[in-house]
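Okay, so here's the structure we're looking at.
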Amino acid sequence: MTTRFLTDPHAMRDMAGRFAMHARTVEDEARKMWASSQNISGAGWSGAAQATSLDTMGQMTQAFRNIVAMLDTVRDGLVRDAGNYEQQEQASQQVLSS
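In structure tokens form, the structure reads like this:
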């Protein structure tokens, strides 16, 4: 599959769809994580402890955003490369048929 993947625009686009799906899953789970962390400190947890917890959650949220950005970048690259490969194939076919 690996060697065919490198030359199969349809497989590249299929894989791009998988990366997009994973990116949306990461976004959804990060949203759930953030929502579940809100207002759970209770009466006994305030001040520095609560601020530290919010800081940690903010860092985790940023990390998830970075992961989503990387997944989207890979998706975009696969779609772009599939299009480029198809164009090169068409140009090669025209040269061979003339």
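Mapping the sequence shown onto this note's numbering, position 76 (from 1) lands on 76, and the numbers just tick up by one.
No residue lacks a Cβ here, since even glycine has one placed at the ideal position from N, Cα and C.
Quick caveat, the model's predicted, so the values are computed rather than measured.
### Task
Measure how close the beta-carbons of V68 and A23 come, nearest whole angstrom, since I'm counting them as under 8 Å.
5 Å
### Task
Could you tell me which of R4, H10, V26 and T7 sits nearest to D72, measuring between CA atoms?
V26
### Task
With a 10 Å radius around its C-beta and 16 neighbouring C-beta atoms as the bar for buried, classify F5 as buried or exposed.
exposed
### Query
Would the stretch 6-19 and the stretch 53-60 be scored as touching if the rule is three or more Cβ pairs under 8 Å?
no
### Task
Please check the pair A16 and R75, which I expect to be a contact at CB under 8 Å, by giving their CB distance rounded to whole angstroms.
5 Å
### Query
Straight-line CA distance for G77 to D14?
13 Å
### Query
So which of S53, Q90 and F64 has the shortest CA-CA distance to K32?
F64
### Query
Count the other CB atoms within 10 Å of the CB of M12; is the residue buried (16 or more) or exposed (fewer)?
buried
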